[in-house]
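Engineer:
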Amino acid sequence: MSIEIGEKMHSWAKDLWPINRSITGDGVRETLSYLKRLLPELEIKEVESGVSAFDWKVPNEWNIREAYIDDDLGNRIVDFKLNNLHVVGYSEPVDKWIDFEELDKHLYSLPNQPDAIPYVTSYYDNQWGFCLTHQQRQLLNSKSYHVVIDSDLKPGILNYAELILPGKSTDEVLLSTYVCHPSMANNELSGPVVTAALSQWLMSLDNHNYTYRIVFIPETIGSIVYLSQNIEKLKKSVIAGYNITCIGDERCYSYLPSRAGDTLSDQAALHALKYIDPNFKRYTWLDRGSDERQYCAPGVDLPIASIMRSKYGEYPEYHTSLDDLSLVTPQGLEGGFKAIKHTLEIIENNTKPIVSVYCEPQLGKRKLYPSISKKGSGEKTHTMMNFISYCDGTHTLLDIADIIDEPISNLLGIVNTLKKHELIK
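FYI, the numbering for the sequence shown is 0 to 424, going by numbering that gives the first Met the number 0.
(1) Taking DSSP as the reference, what is the three-state secondary structure of tryptophan 61?
(2) Could you check if leucine 174 is buried or exposed, using at least 16 other CB atoms within 10 Å of its CB as the buried criterion?
(3) Which one of Tyr252, Val46, Lys104, Pro256 has the shortest CA to CA distance from glycine 155?
(4) Per the contact definition of three or more C-beta pairs closer than 8 Å, is the stretch 49 to 63 in contact with the stretch 140 to 154?
(5) Specify the secondary structure class of glutamate 313 as computed by DSSP and reduced to three states.
(6) Leaving out five residues on either side along the sequence, give the residues of the same chain with a beta carbon under 8 Å from the beta carbon of glutamate 249.
(7) Straight-line CA distance for alanine 267 to glycine 392?
(8) Have a look at asparagine 140 and leucine 72 and give me their C-alpha separation to the nearest angstrom.
(9) Let me know the secondary structure DSSP gives tyrosine 144 once reduced to three states.
(10) List the whole-angstrom C-beta distance separating glutamine 78 from tyrosine 67, where the pair is believed to meet the contact cut-off of C-beta under 8 Å.
(11) According to DSSP, is serine 203 part of a helix, a strand, or is it coil?
(12) Which stretch, first to last residue, makes up the beta strand (DSSP E) that contains serine 175?
(13) Among Pro352, Ser325, Leu272, Phe336, which has the Cα closest to the Cα of proline 406?
(14) In whole angstroms, what separates the C-alpha of glutamine 293 from that of isoleucine 213?
(15) Measure from the alpha carbon of valine 193 to the alpha carbon of each residue in Asn278, Val299, Leu38, then state which is nearest.
(16) What does the Cβ neighbour count give for leucine 138, buried or exposed, with the cut at 16 atoms within 10 Å?
(17) Can you say whether arginine 75 is buried or exposed, counting buried as having 16 or more other CB atoms within 10 angstroms of its CB?
(18) Could you spell out the range, first to last residue, of the alpha helix (DSSP H) harbouring asparagine 385?
(19) Is phenylalanine 215 helix, strand or coil by DSSP?
(20) What are the partner residues of serine 427, as DSSP defines its beta bridges?
(21) Determine the contact status of proline 181 and asparagine 19, defining contact as a CB-CB distance below 9 Å.
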(Lines of atoms letter the chains of each structure in order from A and count residues from 1; the text may use other names and numbers.)
(Lines give C-alpha, C1' and ligand atoms only; values in the text may rest on other atoms or scores of the structure.)
Protein backbone atom coordinates (compact mmCIF):
# COMPACT_ATOMS: atom_id res chain seq x y z
CA MET A 1 0.00 0.00 0.00
CA SER A 2 1.22 3.53 -0.72
CA ILE A 3 -0.14 6.97 -0.01
CA GLU A 4 -2.78 6.12 -2.63
CA ILE A 5 -4.93 4.36 -0.01
CA GLY A 6 -4.56 7.37 2.29
CA GLU A 7 -5.61 9.76 -0.46
CA LYS A 8 -8.62 7.61 -1.23
CA MET A 9 -9.80 7.55 2.37
CA HIS A 10 -9.21 11.29 2.72
CA SER A 11 -11.35 11.93 -0.37
CA TRP A 12 -14.15 9.88 1.20
CA ALA A 13 -13.84 11.97 4.36
CA LYS A 14 -14.09 15.17 2.30
CA ASP A 15 -17.31 13.90 0.71
CA LEU A 16 -18.80 13.02 4.11
CA TRP A 17 -17.59 16.16 5.89
CA PRO A 18 -20.59 18.48 5.21
CA ILE A 19 -23.24 15.99 6.32
CA ASN A 20 -24.95 16.83 9.60
CA ARG A 21 -24.92 13.51 11.47
CA SER A 22 -26.49 12.70 14.81
CA ILE A 23 -27.60 9.47 16.46
CA THR A 24 -30.66 9.38 14.18
CA GLY A 25 -31.98 11.21 11.16
CA ASP A 26 -31.33 12.05 7.55
CA GLY A 27 -27.61 12.67 8.10
CA VAL A 28 -27.06 9.10 9.28
CA ARG A 29 -29.02 7.74 6.31
CA GLU A 30 -27.07 9.90 3.86
CA THR A 31 -23.79 8.74 5.40
CA LEU A 32 -24.79 5.07 5.30
CA SER A 33 -25.97 5.43 1.69
CA TYR A 34 -22.55 6.83 0.76
CA LEU A 35 -20.82 3.91 2.49
CA LYS A 36 -23.10 1.46 0.70
CA ARG A 37 -21.83 2.82 -2.62
CA LEU A 38 -18.34 1.85 -1.45
CA LEU A 39 -19.56 -1.46 -0.02
CA PRO A 40 -22.53 -2.69 -2.10
CA GLU A 41 -23.17 -5.67 0.21
CA LEU A 42 -23.67 -3.37 3.21
CA GLU A 43 -27.17 -3.80 4.67
CA ILE A 44 -28.84 -0.73 6.16
CA LYS A 45 -31.15 -1.57 9.08
CA GLU A 46 -33.97 0.29 10.83
CA VAL A 47 -35.15 0.26 14.46
CA GLU A 48 -38.22 2.25 15.46
CA SER A 49 -38.26 4.92 18.16
CA GLY A 50 -39.42 3.55 21.50
CA VAL A 51 -38.00 0.04 20.99
CA SER A 52 -36.40 -1.21 24.21
CA ALA A 53 -32.73 -2.18 24.23
CA PHE A 54 -31.75 -3.49 27.66
CA ASP A 55 -32.00 -0.47 30.01
CA TRP A 56 -32.44 1.99 27.12
CA LYS A 57 -35.04 2.94 24.54
CA VAL A 58 -34.47 4.13 21.00
CA PRO A 59 -35.03 7.91 21.13
CA ASN A 60 -37.13 10.03 18.84
CA GLU A 61 -35.62 10.89 15.47
CA TRP A 62 -34.08 14.34 15.05
CA ASN A 63 -33.74 16.32 11.83
CA ILE A 64 -32.80 19.94 11.31
CA ARG A 65 -33.18 22.24 8.30
CA GLU A 66 -31.76 25.54 9.49
CA ALA A 67 -30.81 27.48 12.61
CA TYR A 68 -29.53 30.96 13.25
CA ILE A 69 -29.28 33.90 15.65
CA ASP A 70 -29.98 37.42 14.36
CA ASP A 71 -29.46 40.56 16.41
CA ASP A 72 -31.92 43.44 16.52
CA LEU A 73 -30.13 45.15 13.62
CA GLY A 74 -30.60 42.14 11.35
CA ASN A 75 -26.99 40.94 11.61
CA ARG A 76 -26.66 37.15 11.48
CA ILE A 77 -24.51 36.19 14.46
CA VAL A 78 -24.59 32.39 14.14
CA ASP A 79 -25.65 30.30 11.14
CA PHE A 80 -25.99 26.51 11.11
CA LYS A 81 -25.45 26.54 7.35
CA LEU A 82 -21.89 27.78 7.86
CA ASN A 83 -20.97 25.13 10.43
CA ASN A 84 -23.21 22.35 11.67
CA LEU A 85 -21.53 22.42 15.09
CA HIS A 86 -23.28 25.74 15.75
CA VAL A 87 -26.40 23.97 17.06
CA VAL A 88 -26.61 21.78 20.14
CA GLY A 89 -27.37 18.29 18.85
CA TYR A 90 -31.01 17.26 19.26
CA SER A 91 -32.16 20.83 19.91
CA GLU A 92 -35.93 21.14 19.95
CA PRO A 93 -37.50 23.74 17.62
CA VAL A 94 -37.56 27.37 18.67
CA ASP A 95 -38.51 30.66 16.98
CA LYS A 96 -38.67 33.71 19.23
CA TRP A 97 -37.12 37.03 20.24
CA ILE A 98 -35.27 37.02 23.56
CA ASP A 99 -32.98 39.36 25.48
CA PHE A 100 -29.27 38.74 25.93
CA GLU A 101 -29.65 37.43 29.49
CA GLU A 102 -32.00 34.69 28.27
CA LEU A 103 -29.89 33.94 25.19
CA ASP A 104 -26.73 33.57 27.24
CA LYS A 105 -28.29 30.62 29.11
CA HIS A 106 -28.41 28.73 25.79
CA LEU A 107 -24.91 29.53 24.52
CA TYR A 108 -21.82 27.32 24.70
CA SER A 109 -18.25 28.39 24.05
CA LEU A 110 -14.72 27.54 25.19
CA PRO A 111 -12.84 30.37 26.94
CA ASN A 112 -9.63 28.34 26.80
CA GLN A 113 -10.03 27.78 23.04
CA PRO A 114 -11.52 31.10 21.93
CA ASP A 115 -11.39 30.32 18.19
CA ALA A 116 -13.05 26.88 18.46
CA ILE A 117 -16.74 25.98 18.20
CA PRO A 118 -17.52 23.28 20.78
CA TYR A 119 -19.53 20.12 20.01
CA VAL A 120 -22.47 19.86 22.43
CA THR A 121 -25.47 17.49 22.50
CA SER A 122 -28.58 16.87 24.58
CA TYR A 123 -30.00 13.58 23.28
CA TYR A 124 -32.26 12.53 26.12
CA ASP A 125 -33.50 15.81 27.59
CA ASN A 126 -35.45 18.27 25.44
CA GLN A 127 -33.44 21.47 25.27
CA TRP A 128 -32.12 23.88 22.68
CA GLY A 129 -28.89 25.79 22.31
CA PHE A 130 -26.21 27.28 20.11
CA CYS A 131 -22.44 26.80 20.05
CA LEU A 132 -20.05 29.52 18.94
CA THR A 133 -16.47 30.61 19.38
CA HIS A 134 -15.72 32.49 22.55
CA GLN A 135 -14.53 35.37 20.39
CA GLN A 136 -17.99 35.58 18.82
CA ARG A 137 -19.65 35.36 22.19
CA GLN A 138 -17.66 38.24 23.64
CA LEU A 139 -18.76 40.51 20.78
CA LEU A 140 -22.48 40.11 21.52
CA ASN A 141 -23.82 43.49 22.61
CA SER A 142 -27.39 43.78 21.33
CA LYS A 143 -30.39 44.01 23.62
CA SER A 144 -32.52 41.44 21.79
CA TYR A 145 -31.99 38.48 19.49
CA HIS A 146 -34.08 36.39 17.15
CA VAL A 147 -33.31 32.71 17.72
CA VAL A 148 -34.54 30.14 15.19
CA ILE A 149 -34.04 26.39 15.14
CA ASP A 150 -36.13 24.72 12.46
CA SER A 151 -35.98 21.10 13.58
CA ASP A 152 -38.17 18.04 14.10
CA LEU A 153 -37.97 15.79 17.14
CA LYS A 154 -40.56 13.05 16.82
CA PRO A 155 -41.01 9.27 16.54
CA GLY A 156 -39.02 7.84 13.66
CA ILE A 157 -36.20 5.34 13.23
CA LEU A 158 -32.61 4.69 14.21
CA ASN A 159 -30.41 3.42 11.38
CA TYR A 160 -27.26 1.35 11.38
CA ALA A 161 -25.52 -0.82 8.79
CA GLU A 162 -24.00 -4.29 8.84
CA LEU A 163 -21.66 -6.20 6.56
CA ILE A 164 -20.98 -9.91 7.06
CA LEU A 165 -18.01 -11.43 5.21
CA PRO A 166 -18.09 -15.24 5.66
CA GLY A 167 -14.78 -17.02 6.18
CA LYS A 168 -13.60 -20.62 6.49
CA SER A 169 -14.66 -20.56 10.13
CA THR A 170 -17.87 -19.35 11.70
CA ASP A 171 -15.75 -17.77 14.44
CA GLU A 172 -16.01 -14.01 14.00
CA VAL A 173 -13.91 -10.87 14.17
CA LEU A 174 -16.06 -7.81 14.96
CA LEU A 175 -15.16 -4.38 13.58
CA SER A 176 -17.34 -1.54 14.85
CA THR A 177 -17.28 2.17 14.06
CA TYR A 178 -19.72 5.04 14.53
CA VAL A 179 -21.52 7.45 12.20
CA CYS A 180 -23.19 9.91 14.56
CA HIS A 181 -21.04 13.05 14.82
CA PRO A 182 -21.32 16.11 12.59
CA SER A 183 -18.29 17.73 10.94
CA MET A 184 -15.35 16.43 12.92
CA ALA A 185 -12.53 14.52 11.32
CA ASN A 186 -10.48 12.40 13.73
CA ASN A 187 -13.22 11.70 16.25
CA GLU A 188 -15.78 10.87 13.56
CA LEU A 189 -14.85 10.46 9.93
CA SER A 190 -11.53 8.65 10.36
CA GLY A 191 -13.37 5.64 11.83
CA PRO A 192 -15.89 5.03 9.02
CA VAL A 193 -13.43 5.66 6.17
CA VAL A 194 -10.72 3.39 7.61
CA THR A 195 -13.35 0.73 8.33
CA ALA A 196 -14.64 1.00 4.76
CA ALA A 197 -11.09 0.62 3.40
CA LEU A 198 -10.49 -2.41 5.63
CA SER A 199 -13.77 -3.90 4.39
CA GLN A 200 -12.70 -3.44 0.77
CA TRP A 201 -9.35 -5.07 1.52
CA LEU A 202 -11.02 -8.05 3.20
CA MET A 203 -13.41 -8.42 0.27
CA SER A 204 -10.45 -8.45 -2.14
CA LEU A 205 -8.89 -11.52 -0.49
CA ASP A 206 -9.41 -14.92 -2.11
CA ASN A 207 -10.30 -16.30 1.30
CA HIS A 208 -9.87 -15.57 4.98
CA ASN A 209 -9.97 -17.85 7.97
CA TYR A 210 -12.49 -15.95 10.05
CA THR A 211 -15.89 -14.46 9.38
CA TYR A 212 -15.89 -10.66 9.66
CA ARG A 213 -18.83 -8.80 11.16
CA ILE A 214 -18.53 -5.09 10.35
CA VAL A 215 -20.99 -2.55 11.74
CA PHE A 216 -21.49 1.20 11.25
CA ILE A 217 -23.63 2.47 14.12
CA PRO A 218 -24.48 5.58 16.14
CA GLU A 219 -22.25 5.56 19.20
CA THR A 220 -23.60 4.21 22.52
CA ILE A 221 -27.29 3.79 21.66
CA GLY A 222 -26.34 2.06 18.41
CA SER A 223 -24.04 -0.50 20.04
CA ILE A 224 -26.60 -1.09 22.79
CA VAL A 225 -29.35 -1.67 20.22
CA TYR A 226 -27.08 -3.90 18.13
CA LEU A 227 -26.12 -5.97 21.15
CA SER A 228 -29.74 -6.29 22.25
CA GLN A 229 -30.57 -7.82 18.87
CA ASN A 230 -27.49 -10.04 18.49
CA ILE A 231 -26.01 -10.71 21.91
CA GLU A 232 -26.30 -14.50 21.97
CA LYS A 233 -24.80 -14.86 18.50
CA LEU A 234 -21.98 -12.44 19.34
CA LYS A 235 -21.12 -14.10 22.65
CA LYS A 236 -20.95 -17.47 20.91
CA SER A 237 -18.99 -16.44 17.81
CA VAL A 238 -16.79 -13.36 18.36
CA ILE A 239 -13.18 -14.32 19.13
CA ALA A 240 -11.64 -10.85 18.57
CA GLY A 241 -12.56 -7.37 17.48
CA TYR A 242 -11.89 -3.65 17.53
CA ASN A 243 -13.79 -0.42 18.03
CA ILE A 244 -12.41 1.79 15.24
CA THR A 245 -12.25 5.49 16.05
CA CYS A 246 -9.76 8.38 16.16
CA ILE A 247 -7.50 6.72 13.62
CA GLY A 248 -6.57 9.54 11.25
CA ASP A 249 -3.98 12.02 12.55
CA GLU A 250 -0.17 11.72 12.47
CA ARG A 251 0.73 12.47 16.07
CA CYS A 252 0.93 9.07 17.71
CA TYR A 253 -0.48 5.56 17.98
CA SER A 254 -2.61 4.59 20.97
CA TYR A 255 -3.98 1.38 22.45
CA LEU A 256 -6.96 0.90 24.75
CA PRO A 257 -7.45 -2.67 26.01
CA SER A 258 -10.56 -4.74 26.37
CA ARG A 259 -11.94 -4.94 29.91
CA ALA A 260 -10.33 -8.38 30.32
CA GLY A 261 -7.04 -7.02 29.00
CA ASP A 262 -5.62 -10.38 27.91
CA THR A 263 -7.75 -11.37 24.93
CA LEU A 264 -6.55 -12.26 21.44
CA SER A 265 -7.52 -8.71 20.43
CA ASP A 266 -5.21 -7.28 23.08
CA GLN A 267 -2.33 -9.63 22.31
CA ALA A 268 -2.50 -8.98 18.55
CA ALA A 269 -2.81 -5.20 18.97
CA LEU A 270 0.11 -4.98 21.38
CA HIS A 271 2.30 -7.11 19.13
CA ALA A 272 1.49 -5.02 16.04
CA LEU A 273 2.05 -1.68 17.77
CA LYS A 274 5.30 -2.82 19.36
CA TYR A 275 6.90 -2.97 15.93
CA ILE A 276 4.96 -0.15 14.26
CA ASP A 277 5.73 2.41 16.96
CA PRO A 278 7.55 1.25 20.12
CA ASN A 279 6.59 4.55 21.79
CA PHE A 280 2.84 4.10 21.31
CA LYS A 281 0.62 5.41 24.11
CA ARG A 282 -0.80 2.62 26.23
CA TYR A 283 -4.04 3.33 28.09
CA THR A 284 -6.00 1.24 30.59
CA TRP A 285 -9.62 0.16 30.73
CA LEU A 286 -10.20 3.06 33.15
CA ASP A 287 -9.53 5.42 30.21
CA ARG A 288 -12.41 3.96 28.14
CA GLY A 289 -14.94 6.26 26.51
CA SER A 290 -16.41 4.79 23.33
CA ASP A 291 -18.40 1.70 22.35
CA GLU A 292 -15.94 -0.66 24.03
CA ARG A 293 -17.94 0.28 27.15
CA GLN A 294 -20.90 -1.65 25.76
CA TYR A 295 -19.10 -4.52 24.02
CA CYS A 296 -17.02 -5.32 27.12
CA ALA A 297 -19.76 -4.67 29.69
CA PRO A 298 -20.29 -7.32 32.39
CA GLY A 299 -22.41 -10.12 30.98
CA VAL A 300 -21.59 -9.10 27.40
CA ASP A 301 -17.85 -9.69 27.81
CA LEU A 302 -16.80 -9.44 24.18
CA PRO A 303 -13.04 -9.22 23.45
CA ILE A 304 -13.09 -5.72 21.95
CA ALA A 305 -10.05 -3.40 22.13
CA SER A 306 -9.07 -0.21 20.28
CA ILE A 307 -6.10 0.79 18.14
CA MET A 308 -6.11 4.55 17.62
CA ARG A 309 -3.91 7.46 16.61
CA SER A 310 -4.61 10.37 19.04
CA LYS A 311 -7.19 9.00 21.48
CA TYR A 312 -10.52 10.74 22.03
CA GLY A 313 -10.37 13.27 24.84
CA GLU A 314 -6.56 13.37 24.69
CA TYR A 315 -5.93 15.89 21.90
CA PRO A 316 -6.78 19.60 22.09
CA GLU A 317 -9.02 19.70 19.01
CA TYR A 318 -11.29 16.91 20.32
CA HIS A 319 -15.02 17.71 20.16
CA THR A 320 -14.46 21.09 18.54
CA SER A 321 -14.47 22.63 15.08
CA LEU A 322 -10.64 22.42 15.15
CA ASP A 323 -10.90 18.65 14.59
CA ASP A 324 -10.95 19.18 10.85
CA LEU A 325 -9.52 17.70 7.65
CA SER A 326 -6.19 19.44 8.15
CA LEU A 327 -5.73 17.45 11.37
CA VAL A 328 -6.66 14.18 9.66
CA THR A 329 -4.32 13.57 6.74
CA PRO A 330 -3.85 10.94 4.02
CA GLN A 331 -0.64 9.85 5.76
CA GLY A 332 -2.37 9.60 9.12
CA LEU A 333 -5.26 7.59 7.71
CA GLU A 334 -2.88 5.29 5.87
CA GLY A 335 -0.94 4.64 9.07
CA GLY A 336 -4.13 3.84 10.96
CA PHE A 337 -5.35 1.58 8.17
CA LYS A 338 -2.04 -0.31 8.07
CA ALA A 339 -1.95 -0.76 11.85
CA ILE A 340 -5.38 -2.40 12.00
CA LYS A 341 -4.78 -4.34 8.75
CA HIS A 342 -1.57 -5.79 10.17
CA THR A 343 -3.36 -6.67 13.40
CA LEU A 344 -6.04 -8.53 11.47
CA GLU A 345 -3.33 -10.36 9.50
CA ILE A 346 -1.81 -11.45 12.81
CA ILE A 347 -5.17 -12.84 13.93
CA GLU A 348 -5.68 -14.56 10.56
CA ASN A 349 -2.31 -16.34 10.78
CA ASN A 350 -2.42 -17.16 14.47
CA THR A 351 -2.33 -20.96 14.21
CA LYS A 352 -0.92 -23.47 16.72
CA PRO A 353 2.00 -25.12 14.91
CA ILE A 354 3.27 -28.52 16.01
CA VAL A 355 6.58 -30.04 14.95
CA SER A 356 6.25 -33.39 13.14
CA VAL A 357 9.51 -35.05 14.31
CA TYR A 358 11.01 -35.89 17.67
CA CYS A 359 14.08 -33.94 18.79
CA GLU A 360 15.57 -31.28 16.53
CA PRO A 361 14.87 -31.85 12.84
CA GLN A 362 17.88 -32.45 10.59
CA LEU A 363 17.88 -29.11 8.80
CA GLY A 364 21.15 -29.69 6.95
CA LYS A 365 19.80 -32.42 4.69
CA ARG A 366 17.02 -30.07 3.71
CA LYS A 367 19.56 -27.30 2.98
CA LEU A 368 18.11 -25.22 5.81
CA TYR A 369 21.36 -25.22 7.80
CA PRO A 370 24.96 -24.46 6.74
CA SER A 371 26.82 -27.57 5.58
CA ILE A 372 30.01 -26.45 7.33
CA SER A 373 29.76 -25.87 11.07
CA LYS A 374 31.91 -23.07 12.40
CA LYS A 375 31.61 -20.19 14.84
CA GLY A 376 28.61 -18.11 13.86
CA SER A 377 27.39 -20.49 11.17
CA GLY A 378 24.12 -21.15 12.96
CA GLU A 379 23.11 -17.54 13.43
CA LYS A 380 21.00 -17.48 10.27
CA THR A 381 18.90 -20.38 11.52
CA HIS A 382 18.77 -19.23 15.13
CA THR A 383 15.29 -17.75 14.77
CA MET A 384 14.06 -20.88 12.97
CA MET A 385 15.37 -23.15 15.72
CA ASN A 386 13.88 -20.96 18.43
CA PHE A 387 10.57 -21.09 16.60
CA ILE A 388 10.66 -24.88 16.23
CA SER A 389 11.44 -25.30 19.93
CA TYR A 390 8.02 -23.87 20.82
CA CYS A 391 6.03 -25.75 18.15
CA ASP A 392 4.38 -28.07 20.65
CA GLY A 393 0.76 -27.56 19.63
CA THR A 394 -0.05 -25.49 22.71
CA HIS A 395 1.58 -22.19 21.72
CA THR A 396 0.05 -20.00 19.03
CA LEU A 397 2.18 -18.29 16.44
CA LEU A 398 1.57 -15.04 18.31
CA ASP A 399 2.65 -16.64 21.59
CA ILE A 400 5.89 -17.81 20.00
CA ALA A 401 6.58 -14.46 18.34
CA ASP A 402 6.28 -12.72 21.71
CA ILE A 403 8.39 -15.35 23.53
CA ILE A 404 11.31 -15.23 21.07
CA ASP A 405 10.88 -11.48 20.54
CA GLU A 406 10.39 -11.57 16.78
CA PRO A 407 7.73 -9.76 14.74
CA ILE A 408 5.20 -12.29 13.57
CA SER A 409 5.78 -11.11 10.00
CA ASN A 410 9.32 -12.55 10.25
CA LEU A 411 7.93 -15.94 11.24
CA LEU A 412 5.47 -16.38 8.38
CA GLY A 413 8.24 -17.20 5.90
CA ILE A 414 9.69 -19.71 8.36
CA VAL A 415 6.26 -21.30 8.75
CA ASN A 416 5.89 -21.68 4.99
CA THR A 417 9.41 -23.17 4.67
CA LEU A 418 8.84 -25.68 7.44
CA LYS A 419 5.45 -26.64 6.03
CA LYS A 420 7.02 -27.15 2.62
CA HIS A 421 9.44 -29.66 4.19
CA GLU A 422 6.63 -31.23 6.25
CA LEU A 423 8.37 -30.38 9.51
CA ILE A 424 5.34 -28.68 11.09
CA LYS A 425 1.61 -28.92 10.71
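C-beta: ideal position from N, C-alpha, C; glycine also. Note that this is a predicted model, so its numbers are computed, not measured.
Structural biologist: In terms of the structure at hand:
(1) strand
(2) buried
(3) Val46
(4) Yes: the two stretches touch, three or more of their Cβ pairs being nearer than 8 Å.
(5) For glutamate 313, the three-state secondary structure derived from DSSP is coil.
(6) Within the same chain, Cβ atoms closer than 8 Å to the Cβ of glutamate 249 are found at Arg308, Thr328, Gln330, Gly331, Gly334, the five residues on either side in sequence being excluded.
(7) 19 Å
(8) Asparagine 140 and leucine 72 have their C-alpha atoms spaced approximately 11 Å apart.
(9) Secondary structure of tyrosine 144 (DSSP, three-state): strand.
(10) According to the sequence provided, residue 78 is aspartate. The question's glutamine does not apply to it. So it is a contact: roughly 5 Å between Cβ atoms.
(11) helix
(12) First-last of the beta strand (DSSP E) with serine 175: 171 to 177.
(13) Leu272
(14) 16 Å
(15) Leu38
(16) exposed
(17) It is exposed - the Cβ of arginine 75 has fewer than 16 other Cβ atoms within 10 Å.
(18) 381 to 388
(19) strand
(20) Absent from the model: residue 427. The displayed extent of the chain is 0 to 424, so no value can be given.
(21) yes
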